[in-house]
Each structure stands twice: as C-alpha cells, then as structure tokens.
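Novice:
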Amino acid sequence: TAQTAEKPKLTLGVGGKPLLYYLPLTIAERNGYFKEQGLDVTINDFGGGAKSLQALIGGSIDVVTGAYEHTIRMQAKGQDIVSVIELGRYPGIVLVVAKDKAEKYKAIKDLKGAKIGVTAPGSSTNFFVNFLLAKNGLSPEDVAFVGVGGGASAVAQMKRGEIDAMSNLDPVITKLQSDGDVVVLADSRTVEGNEKIFGGQNPAAVLYMKTDFVKENPITTQKLTNAFYKALQWLKTATPEDVAKVVPEEYLLGDRTLYIAAVTASKPTYSLTGIIPESGMKNALGMLVEFDPELKAAKIDLAKTFDGSFVKKAAETIK
Amino acid sequence: MGGASVAPLHAGEARHSRAVALSGIRITFTGRGGEQFTAVEGVDLHVADGEFVAIVGPTGCGKSTLLNATAGLLVPSAGTVAIFGEPLSGLNRRAGYLFQAEALFPWKSAVDNVAIGLEVAGTDPGEARARARDWLGRVGLSAFAERYPHQLSGGQRKRVGLAQVLIRDPKILLMDEPFGPLDAQTRQIMGNMLLDLWNAERKAVMFVTHDLEEAIALADRVVIMGAGPASRIIGEWRIGLPRPRDISEIRMEPAFHALHREIWSALRDEVVKGYRQAEEPA
Amino acid sequence: MGGASVAPLHAGEARHSRAVALSGIRITFTGRGGEQFTAVEGVDLHVADGEFVAIVGPTGCGKSTLLNATAGLLVPSAGTVAIFGEPLSGLNRRAGYLFQAEALFPWKSAVDNVAIGLEVAGTDPGEARARARDWLGRVGLSAFAERYPHQLSGGQRKRVGLAQVLIRDPKILLMDEPFGPLDAQTRQIMGNMLLDLWNAERKAVMFVTHDLEEAIALADRVVIMGAGPASRIIGEWRIGLPRPRDISEIRMEPAFHALHREIWSALRDEVVKGYRQAEEPA
Amino acid sequence: MKRARLLFLQVLVAVVLIAVWHFGSTVKVPAGIVSQKAFYPLDPFFFSTPLAVFQRTWRDFYTGVIWYHLGITLLETALAFVIGAAGGVLVGFWFARKQMLAAVFDPYVKMANALPRVVLAPIFALWLGLGIWSKVALGVTLVFFIVFFNVYQGVKEVSPTVLANARMLGMSERHLMRHVYWPSALTWMFSSLHTAVGFALVGAVVGEYLGSAAGLGYRIHQAEGVFDVTGVFSGMLVLAVFVILIDAVVTAVENRLTVWRPTAAGQS
Amino acid sequence: MKRARLLFLQVLVAVVLIAVWHFGSTVKVPAGIVSQKAFYPLDPFFFSTPLAVFQRTWRDFYTGVIWYHLGITLLETALAFVIGAAGGVLVGFWFARKQMLAAVFDPYVKMANALPRVVLAPIFALWLGLGIWSKVALGVTLVFFIVFFNVYQGVKEVSPTVLANARMLGMSERHLMRHVYWPSALTWMFSSLHTAVGFALVGAVVGEYLGSAAGLGYRIHQAEGVFDVTGVFSGMLVLAVFVILIDAVVTAVENRLTVWRPTAAGQS
Ligand SMILES: Nc1ncnc2c1ncn2[C@@H]1O[C@H](COP(=O)(O)OP(=O)(O)OP(=O)(O)O)[C@@H](O)[C@H]1O
Ligand SMILES: Nc1ncnc2c1ncn2[C@@H]1O[C@H](COP(=O)(O)OP(=O)(O)OP(=O)(O)O)[C@@H](O)[C@H]1O
Ligand SMILES: [Mg+2]
Ligand SMILES: [Mg+2]
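Residue numbers (our numbering), protein chains in the order written: chain A, 329 to 647; chain B, 146 to 427; chain C, 146 to 427; chain D, -12 to 255; chain E, -12 to 255.
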C-alpha cells in the first residue's frame, strides 16, 4: 500500500538496546526495515525499562519496546497503554546458583536463606524468583534479594561469591555458564523450561504505545508493526552467525563465540507470530497479582493490553 | 601674632552651623559571649562647618570608635549623631573617612584605588584616572600609579588612601592617624598640603593623631579624650594661632610652645591613669 | 655625662662579634609583567651582638625590605646576609620580628597570640599562658587578654604584637615601627620597657622608626637611609649618650639636641630629594 | 522575636510549595484553556500528591519498616562524609604545602573528578562487594573532590603577613598546620562541607540505587521499578529531612570553631 | 627548565599508572602464590587492557564516529557549566546580600542539594524532553550548588574594613557588587569552578547514560550492556582528556582575573 505515515518521524524508547532481550529492535534497525516502511525512527536508550515507560507517559517518546507487564501495570494506574506486537514469547530469565554452592542449593525449595542477585529490586527478574519461590512453598521474605544489574558487575558478583544464586538474563548467564561458574535451576529461555515453569508462554518484550497514539496514527502503527514483524520473520530463519553479522561489532561482547552461544541460547525466546496468546496474558497477570497488592485490588481487562489487529495485517502483507 | 587662648572650652560653645554634632554618645560593644565593654560614654562633641578639630587621646580610648559613629558605620548605644543638623541614619554620605587600618582595594592598582571614588560618583573613567594621577602626584607617588597595594610600602599605602579620600572632596573629613607611618618630613609636606586644601575650601575635619605637636599645628581646636573604658572628653583647647600656617614654621612660635606644654601635662596624667586601669584585670 | 660623638661612622667599624652582617645587599622586585624595581642597592650594615641600631629613612626607602631580608623572608638579589658569622639560608631562627603590618592571628585571643611563641617552643601550655598574661600586663593590656584582635584598637593590637615577639626572648630583635600607632606617653612607657629589657640581656636590635628623637633616645647607633629607588645608607651616627637611659629625661640633655639637629638636617635633604624623584614618573 | 519570624517565613515557604504541589496534582486545568484536553499541571503519575506522600511516609515510620533502611543509608552517608572529608582535608593540606606534588598530580586529580561516578559504581561493586562499602566509596568520590579543592584553596589563601609572622615565631610545618593553615582554611572547609553533606547522601543513595539489598536508595529504586511515585517521593522526603539534620550538626560545629570572627553587627 | 621537569614528572605518573594497568591486566599471577588458581590482578574482563583502550579510542577518532557524540556531550557540558555557574553566582550574590532571604530559604537549598539527581532524571525528561536540555538540567543541578555555596561564602568573607571603605566612598549596592564583592569572591568562585567543570561533565554523561540517543554517556551505556569494557574505558579516557582542556581554559581566565594577588615569591 502506498499510504504515507501520519508521523514518519518517530522516537522509540528502549531500556538497554544491546541486550538480547531487545534483539528484534536491533535487527529491524540494522536491516533497514524502518526505512523500508518510510519511517525515520530515533532510538533513545534508557537506563532501564521503567525510565523508557516514564518517558512515554511524559510524552517525550512515541513508542517503547519494553516488557509486556508494563501494559498491565499502567492499566491499574489508569494510563492507557496498548501493545501491538509481541517480540519475545518467553522472558528468557534464568535462575542459577553458584557451582560451589550447588550442593547446598539443589532445588528451588532449598533456597531458604540464600542471597539472590536480581538485576534490580522490583524488576521482572525479581518477580520471576518470587513466582518460583511461591510455587515451591517459600515466600520472598525467606531469601535476601540484592540488585546486581545486568552487565559485567552481575558476572563479577557471582564470581566473587557475593551471592549464592542469581536471576538474570543473557549474556550474563551464558558468560557464567561458559566459564563454568554456575548451575541452572530454572531456565525460561527454552520451550521445555517454560512449560515447566509457567505451563506455557509468558510474553516478554513487546512494542507498546499510548492508546491515543494508535487511534491517531493507525498507519504509522501499522508500518512500525510491519517492520518488527519482518525482523521476527528474519530471526526465525537466521543462524546465530547471521545475527552476529548484522549487529554492531561492539555488541559481540568482545568474544564472538560467547555471543554466538548467547544468541543460540536465546533464540527460542523470540516470538514466532508476534501474537500474544490468551494464555500468555493470563500467565503474566497471574505472576504479577501474586506479589503486588495494588494489582490484586485492580480489575484488569487483559483484552485492552494487546491489540492483535496490526500483526494480523502485517502477516497478510508480508510474506 | 594673636595670642592663643589657653582656657579650656566647654562643648557646645561653637557659634557656626554645626557640621557634626555628637551628643551624649555611649558606645557599648557586646561580645559573642554576651560580655559588654563600654568604650566611650557621655561624649558631646560638636564640629562647626569649616572647623578643623584634632582628637588626641591615649591608645584604646575610643577615638576610632567615635569616628566610626560619625561615619555611620556604628550605631551608638545611646546619644545622637547629627550631621548638618539632621539626625544621622545609615551611612554619612557627606563624609570622607581615612581608616586607621589598611582599607585599600587589594585588587586595584594605586591609580584605580584613587579614581574609584570619582567613578562611582559618575565621573567619566578617563577623566577620573587623569585626576587620580594628579592626586597621586600631590602625595608624591606618581611613579607608583600602576602598583597594586601589596607592592607598596606601609607609608605609600597610607598616602594612596589619603588621595583616595581627598579626591572626592567631601564636606566632612574623618582622618584616623593619616600620617602615622610617615617620616617627619613627609608628614610636614602632607600636613601642609592638607592645610592648603582646607584653606581653599573649608571643610569640617576630625583629625585623630598621637602627635600633639601635629594636632596643635593643624587644628582650630584640640580635643583631649580620657583613658578608657567609658572614656569621655576631658578637655578642649582652642588654638588661636594665626592662619594660614606653615607647619614647620609655626612650631617656632612661643605661643605654640605654651599651648603644647599645657595640653601635654593634662594629657600625661590621663595616659598614666589609663595605663594603670588597663593593667588591673577588668 | 660622656659627650656624644657626632662624627658619621663608616660601616664595618664595630668591634663586637657581628650578630647581623648585611653586605652589598641589592633587592630587586619583579612584577608579574616582568617590570623591575630595585628597592635598595649596595647596602652594608653590620649590627654587633648586643647593639641597638635604629634605622631612619624616608617613607618607601626600603627599611621594611631590609628587615625582611635579615629575617630570611626575602632573598636578596645580590649580596649576603650573615647571622652570627654564618650565611643565612632560609629563615632566621634567632630573630624575632615585629611586623609593620597587622600580623596577629585573628583566630586567637590576645593571650593565646602571645603564648603561641612559647608553646611552639615546647613550653607547657599552662605555663605559656601564665607568662603571656604577665607580658600582656607589661604592655598594659591585662584587661584585654581574652579579646580577639578585631576587638582591639590599633594601638592595642600593636602592643599585643610587641609582647608576642618579646616573650620569645630572641637574640636578634627586628622591629618595624613598633610604637607607630601609640600615643606619646605610651610610647615612652614602651620605650623604657624595651630599654630595661635590653639592658638586662643585651640583644642585637634593628629598630625602624620615623621618630628621630625616639631613635636617638633608644639606640647606640642611628642609621639613615637615602630616598629610593635603589636607596642606600647615607649616614650613620654613633649615639654616645650614657646608659641606662630614661627616654623622657634624656631628651633634656644638650648632647641629645646637638645630635638631633645634625641628623635632622641630613635627613631633611634626603626626604625632599626622594619626594621629587617619586613625583616624576619612573 | 526575630527567630519566630524567621521560622514563620520558613514554614510559609513550605506551605506555599506544598500547596502548589497539592493543587497542581489534584486540580485539573479544564480543557480548552491551554490545550485540547483537561490535564493536571503536575501529573500525579510523575509527582504523586503531597497527601499520599505524607501518608506513606507516616505509615513507613509508624510501622517501622523505614528505620532499618534509613539506618543503613545514614551509616553509609556518615562514613562517606567522614572519610571523604578527612581525605579531602588531608590531601588538600598536603598538596597545598607541596607545590611540586600538586603541580604533578593536578591534571590527574581533575581527570578523576570528571569521571562519571555512575559508571564507576560497577567497579566499586567489583572491588568492595555489594555491602555498604561500595556505596561509601561512591559517596567518598563525590565528597573528596569538593572538600579537597576548597581546602587546597583555603590553605593558599592564608594572609602572607600572618604566615610570615608564624614562621618567625618558630613554627614548624606541623605547627603551621595546626595554628595557621587549619584555622584559616576552616571557613573554606565548612563552605565545602555544606555542599559535601548533600553529596555524601547522594552518593550513598545512588550507590544503593544501582545495586544493593537495603537502604533508602534501594527503596526508591524498588518503588520506581513498579511505578510507585508516591514511594519515590516519600523516600526523597525522608532524605531531605535528614540532610537538614546533618547539616545542622555541621553548622553547630562551624559556629563553635569560628567564634573569633567579627560578627556582622559587633556592637549592641 | 622547571616546566620541562614538571612535564616529565607528569608524564612519568601517567606511564607508571598505565604500566600498572598493563601488567596487571596481561600478566597472570601464577597459581599457588596468592590463590589456588592463576589469575590476573586486574582481570581484563573488567578492566580491559590499556592497549585495547588506546586502540579503540584511536579507531573512534580515526573513523570519526566519536566526534558527533563528543560534540553533543561537550555542548551539554558547556551549557550546564555556564548556566549552573551563572545561576550559582547570581543567587549566591543575591542570598549573601539579603540575609533574610538566605535565612528563610537556607533549609530548602540544602534539601534540594541532597536530592539524588538520578531520581530526578525522569522529571527533567518530562519537562524538558529527551534532547540535550534534560541532560543540561542534570548538570546544572550539580554545578549550581557547588558554585552557589562558594560564592555565598566568598561574598561574606570580604574584609570588613575594605567594605566599610567602599561604602564610605559612596558605592551603591551595584558598585559594591562590581568593585568589591565580585573581585573579592573571585578566588572562591574559581575554586568552585574547578570542581564544577568536572561535575558539569558528570551531569551531562549521567543524563545521557540514563536515557538518550547520542553522546559519550550513551556510548558508555551501550558498551556496558554488552560487556564491552574497552568501550567503557575508552569513553572515560576521552572524557578525562576533555575535562583537562576545559579546566585549562578556566585556569587561564582565573590567572587573567587575579593578577593583583601577591605571588608566592614576589622578588627575583
Ligand atoms: N568590636 C569590639 N569589641 C569589643 N571592644 C572593642 C571593639 N572594638 C573596639 N573595642 C574597644 O574599644 C576601645 C576603643 O577602641 P578604639 O579603636 O576606638 O580606640 P582608639 O582610640 O582608636 O585607639 P588607638 O589609638 O589604639 O587606635 C578599646 O579599648 C577597644 O579594645
Ligand atoms: N612586592 C613589591 N613589588 C614591587 N615593589 C615593592 C614591593 N614591595 C615593596 N616595594 C617597593 O620597595 C620600596 C621599599 O619598600 P619598603 O616597604 O621596604 O619601604 P619602607 O622603607 O618600609 O617604607 P615605609 O616607611 O613607608 O614603611 C618601596 O618603594 C616599595 O614601593
Ligand atoms: Mg584607633
Ligand atoms: Mg615599611
């Protein structure tokens, strides 16, 4: 279609662009899918997912690639946010314990009294552990959480033995695994792992924006969705080596093999269809409600958190 | 030559219009700890317009304090200060004050230090500096115009301060030991310059000095203050020596010596008394 | 009474061991812009151990500069400074220096200002303060022991400074107009105190003053400096007046007047010359 | 009288600020005046409301949960302040007295001052672990430089005549330090300490914010992660109140140590 | 001669530091001396190696990619510095002259100084957007307080006699400002500016770090997320070099404006 976008110049927010969590964004950018759609997208990178969401609410950016749970939380706060395409179907979060303490912490139920590293207190890595603890009859009060970030410092703390266990993402996990420092307790990067933990999908990264934006700029939204959809399709067939060729050289962790290993580990997490299944939404909500009193009280209409019409159109037009 | 009247005068006797009228002044300092110290008490001093009054007194008796009160820098704890009949509130805008302590602007050269008084009064900076140079010449410092204060000797700094005050041509001149760090000859030259200036356009002058000869040679009236604390004026002498005077010549006159001897003896007793008082812990 | 020898002496004639020996001193100041100013040039001055030398000279001639060089605060551009025969390098540890400018520690009370010299020499603080109080009494400031410098009058501050230097009992005393801001009587009291002290244990004294009478009354030798720039010593007079002296009485002696008149005329010409020079832009 | 009036005015300022905040975050500007839609001048999503913040703060204190975190943060702040200030004073004095040393290290000190502390946080965490010391280190890097530069300048500002006098009175370097440089640099030092108190707290909080298990920064970060603005502001409120208390202590010490200065109005 | 020696020593310090870094990150301590395993004293995974950092920096400059980011950061730094310093000077003077005002606002200024800037970043983004201005604002909040406290103190430190003299010479408030307070407070101000330059840069970089699309802080953040320590250190190196250049400018201005002070050695 030769329609032109209402708003061809866009600003997009993301909390940590080089993370594998947001790989589809980098692919869309580097492969020129935005340009193809006639969009000029400026990518603003933030100190974290929360900051990019705040920038969206504040009106300084138009769209965000961020965690799906944000759309649920914002509904509870009376902010109209809607996601239009799923980028990651699994959270990709992994719970590991230090190798030399693996004897002591064989399973999740043994974690009582452990010091557990999370990227930040209150972040999804934290909730992930909370959820696992609850399933195993423990409560968050039974362990101590420490924010260690998602970069080199997380690796450092694990290696130094400052923490007993850690819930984190790639490439931290792959780095620790390849160095042989940790043992995995729960892995949400794989199909089987997710089946075991959630009994299905649990959407991770999505593209979301204000509902008003979608109403006022349907064509632009469509074009954006198209671009991301193409990136997902590309990822479906690409090998990790292909990915390594596309992303900027700096992203390669200074160690190509490590990067390839990380991409390989993360590949199953990327969404195949771009559509969030009903069960996925319920899983996400279920996890949040468990620990957030504010959400427990709120009435959430999950249908309002995701608008699948754009992905469906994209799937029709893009082969 | 007219004989000098040597009888002590009583305050308030002057018939001219009063440039400065200090009445019943008491000045009490309060320390941080609340301890009080009364420097002067019950001081009445009137300076007529165009009158040259020298103030002499033992060290620490409150001379500087009185000048500060006249300048409006210090509010008396009791009594009133009136300038040309009007009660003083805030700063005394008609007075020029040569401080006892160092008060030049360290960040300005000598010529700028002198010119500043004109500049703030609105004189064109170029002209102000030209006149400042002229004044530096009068105090014998032409060659030092571009020096900063820290590059000048003690006596040179004092003379820059003198020029700084005089260039503004104030109606009332307050001078606290202006010739202190000067040698005898420079003192005379400066004294004569001051007298010439004063002769040309009569100003009210309050001149603090420790040199009784200088006081007699310059002034219309010499005021003697007693020893502190709570010091007061203990005597006044009208100096009837003829004008215009030349400082070095007037010292040769017999009337000068008669006056000197009389005031001297009055002063001497006071100082010894003050010395004793201060020596006993208050 | 021994007659005063009135013939000018030439430097280096003293037979005692030399406490201070300045030889061929030149001191040149360089401004930031590189401009040079030679304050003194070719100065030879020797002070014997136990000798009291007064230095008199027109304002800005370099008296303070010479004292600074003797104290080791200033390194001469040429010439040598020797203290008790040893060339001076660094600070002159045997000298006590009463500065012309204000130099008290503003954050110490009068008694602490005086005591500090003893304290740093290792005296027990309690004893140091007791002796400091004693010294404050000698300079007539017992009642002001707990005051901070800004709560004292100009003359009071100078006397605290005097006590601060004298309490340390240095072998060499450098005094730059120590009695400047004092009234005539206090001056005499202080002068007599200084003389008593000096009589008891002879120190080498370099005493800068603008008061020629004071210089003659106190000193063994009066040194006259010429007008600057590049000023030098233009005359020396040995004062043969008998010791011990009382300052007020010695002024009555005819020998005193003869000396005074002679030195005076030498000095007068110099000052007038200096005044002329300075007036023409350098 | 004067004190009462001052207090009244100070409270007035607070009342006005809180009123602005309150009305800005609870009363909508009707549509059509400034923009198409009605909106809050201070969107409560970003600013919460004063009432909510006070309620939360009160609750935190009432239930006592805050004390533990506050204690940790204050401990870190105090340590950062003491270590940083002591270091700044010592090195400042040292550099001021050793001109060559100062000249050689000058560019490096300035470089170090310009490194973004946020980036250093992981390195501190690496070296010092996740306990309080990595936060203290962050605070120290802020406090140190502020104090250092001021003390350095303060020492160099000593009146040359007073210094010359001190040396003539036989003072050794150590004596000079104690009797001259120290009292003379005090004003400078205290001026810097007032800034430094705030920065010590900032360092501690930012350190906690970037990775920790306790402390006010941790709580603020946690609140931020779940978009709990009320929690964020409540944390900042507590911070602000405590910095005032610490600063009051600094001021008291300052007044004690500088009794010798002329007061503005010396006479009654 | 003396200059050459100074330069030599400065370079020496740099060489020693880099050597320590180099050997620490490339030579392993053999197993059995300190710990069981052989290890690098400065693990290159966390500290990179100097060679790699220089190579990267060189490449960035050579290919030119860095210029754009550097330009943005410098612009933000310059703006933050100028605005913050100007504000600090103005408000400092103003408060110093209006005692009542200063007394009333004193606690609020100190509170504001203690707020963690990292938490304020979203609010700045809300008010000022994501362009350079929100970063400038962050820098301003740092620079302002440092300059403010020092200028405030500097004005109050004016010698009382000099001030009295100035007033007797007929100076109005405006004149006093220009001829007395300003020159007298200059030393204080410049002392604070040396610290402030660094903090302006820190503010800009942290702002970029917390959310932006360009600038050195952005690059550092990018590098951090992908374990690219070389990139992080290279960014810090560039920062450090530039702060030295800016500081040199401040020093030059300072020397120009304070010619009147006695130099340590006044005579030749
Ligand atoms: N701020 C102050 N606090 C307490 N006492 C003070 C203060 N200022 C001055 N005094 C005292 O007041 C008295 C008078 O001081 P003042 O400076 O007027 O003396 P003065 O006559 O000028 O002496 P001098 O000839 O030595 O200059 C002195 O005893 C002094 O100690
Ligand atoms: N730092 C300096 N730079 C340049 N010239 C200076 C400096 N210090 C002093 N001078 C000059 O050196 C000369 C001698 O100064 P000095 O202070 O020794 O004079 P003095 O004899 O003590 O005068 P006074 O009796 O006025 O105190 C003066 O002309 C002075 O201007
Ligand atoms: Mg006085
Ligand atoms: Mg002198």
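Think of the CB as a built atom: it goes at the ideal place given N, C-alpha and C, for glycine as much as any other residue.
1. Tell me which same chain residues have a C-beta within less than 6 Å of the C-beta of E/T217, skipping the five on either side of it?
2. Quick one: residues in its chain with C-beta nearer than 6 Å to the C-beta of D/I59, no 5 flanking neighbours on either side, listed in chain order?
3. Considering only residues of the same chain and omitting the five flanking positions on each side of D/R92, which have a CB-CB separation below 8 Å?
4. Starting from A/N359, trace the alpha helix (DSSP H) in both directions and tell me its first and last residue.
5. With distances taken from CA atoms, which of A/S607, A/V542 and A/A566 is nearest A/V412?
6. Let me confirm a value: A/V500 is counted as buried when at least 16 other C-beta atoms fall within 10 Å, else exposed. Which label applies?
7. Let me see if you follow: with CB-CB separation under 8 Å, is D/A181 close to chain E or not?
8. Name, please, each residue of chain A whose Cβ falls closer than 8 Å to the Cβ of E/G198.
9. Taking the C-alpha atoms as reference points, what is the distance between D/N152 and E/F136?
10. Out of B/S162, B/G178 and B/L167, state which residue places its alpha-carbon closest to the alpha-carbon of D/R243.
11. Starting from A/L616, trace the alpha helix (DSSP H) in both directions and tell me its first and last residue.
12. Only counting the same chain, and skipping five residues up and downstream in sequence, which positions put a Cβ closer than 7 Å to that of A/V574?
13. Residues of chain A with CB closer than 8 Å to the CB of D/V189, please, in chain order.
14. Is the CB-CB distance between B/S376 and B/V185 below 8 Å?
15. Looking at C-alpha atoms only, which residue of E/L125, E/R165, E/L102 and E/V138 is the closest neighbour of D/A227?
16. Use the C-beta contact count for A/N464: other C-beta atoms within 10 angstroms, 16 or more gives buried, fewer gives exposed.
17. Measuring alpha carbon to alpha carbon, tell me which residue in A/N554, A/A555, A/M615 and A/K503 is nearest A/V591.
18. Using only Cβ atoms and a threshold of 5 Å, which residues come within that distance of a heavy atom of ligand 3? Order them by chain position.
19. Check whether the Cβ of D/Q254 lies closer than 8 Å to any Cβ atom in chain C.
20. Does any C-beta atom of chain A lie closer than 8 Å to the C-beta of D/Y49?
21. Determine, for D/N137, whether the minimum Cβ-Cβ distance to residues of chain E falls below 8 Å.
22. Starting from B/G380, trace the beta strand (DSSP E) both ways and give me its first and last residue.
23. Which residue from A/I371, A/K379, A/T370 and A/I444 puts its Cα closest to that of D/F33?
24. Please report whether the beta-carbon of B/E322 lies at a distance below 8 Å from any beta-carbon of chain C.
25. A/I389 CB to nearest chain E CB: under 8 Å?
26. I'd like to know whether the C-beta of A/K405 is nearer than 8 Å to at least one C-beta of chain D.
27. Excluding five sequence neighbours on each side, which residues of the same chain lie with their C-beta closer than 6 Å to the C-beta of E/W8?
28. Under 7 Å from any heavy atom of ligand 4, does the C-beta of C/D356 make it?
29. Taking the runs of the alpha helix (DSSP H) that are 4 residues or longer, which of them lie wholly in the segment 481 to 547 of chain A?
30. Any contact between the segment 49 to 59 of chain E and the segment 98 to 116 of chain E? By contact I mean 3 or more CB pairs, one from each, below 8 Å.
31. At the level of alpha carbons, what is the spacing between A/V422 and A/A514?
32. Can you tell me the Cβ-Cβ gap for D/G79 and D/V138, rounded? I've got them flagged as a contact below 8 Å.
33. How is C/H191 classed by DSSP in three states: helix, strand or coil?
34. Going by the DSSP bridge assignment, what does C/D321 pair with across the sheet?
35. Counting Cβ pairs closer than 8 Å, one from the segment 548 to 558 of chain A and one from the segment 626 to 641 of chain A, do we hit at least three?
36. Kindly identify the DSSP beta-bridge partner or partners of C/Y106.
Specialist: Answer, in terms of the structure:
1. S35, A39, V40 and R43
2. A201 and G202
3. Residue 92 of chain D is actually Phe in this sequence, not Arg. F82, listed in sequence order.
4. Counting along the chain, A/N359 falls outside any alpha helix (DSSP H), and DSSP gives it neither H nor E.
5. A/V542
6. buried
7. It is worth fixing the name first, because residue 181 of chain D is His in this sequence and not Ala. Closer than 8 Å to some Cβ of chain E, the Cβ of D/H181 qualifies, so yes.
8. Per Cβ cutoff of 8 Å: G341, N372, D373, F374, G375, K379, S380 and A383.
9. 31 Å
10. B/G178
11. E606 to F619
12. I355, R358 and N359
13. Within 8 Å Cβ-Cβ: nothing; D/V189 doesn't reach chain A, min ~16 Å.
14. yes
15. E/L102
16. exposed
17. A/K503
18. Screening all residues for a C-beta within a distance smaller than 5 Å of any heavy atom in ligand 3 leaves B/S209, B/Q245, C/S298 and C/G299, in chain order.
19. Summary for D/Q254: the model assigns pLDDT 34, below 50, so the residue's position carries little reliability; its value from the coordinates is reported in the next sentence. It does not: the Cβ of D/Q254 has no partner Cβ on chain C nearer than 8 Å.
20. no
21. Yes, D/N137 counts as interfacial toward chain E.
22. I378 to R383
23. A/K379
24. yes
25. yes
26. yes
27. P37
28. no
29. As far as the segment 481 to 547 of chain A is concerned, its whole alpha helix (DSSP H) runs of at least 4 residues are 500 to 506, 519 to 525 and 539 to 544.
30. no
31. 6 Å
32. 3 Å
33. strand
34. Here C/D321 is bridged, per DSSP, to C/V353.
35. Result yes; three or more Cβ-Cβ pairs closer than 8 Å.
36. Residue 106 of chain C cannot be examined here, being either before or after the span of chain C that is shown, 146 to 427.
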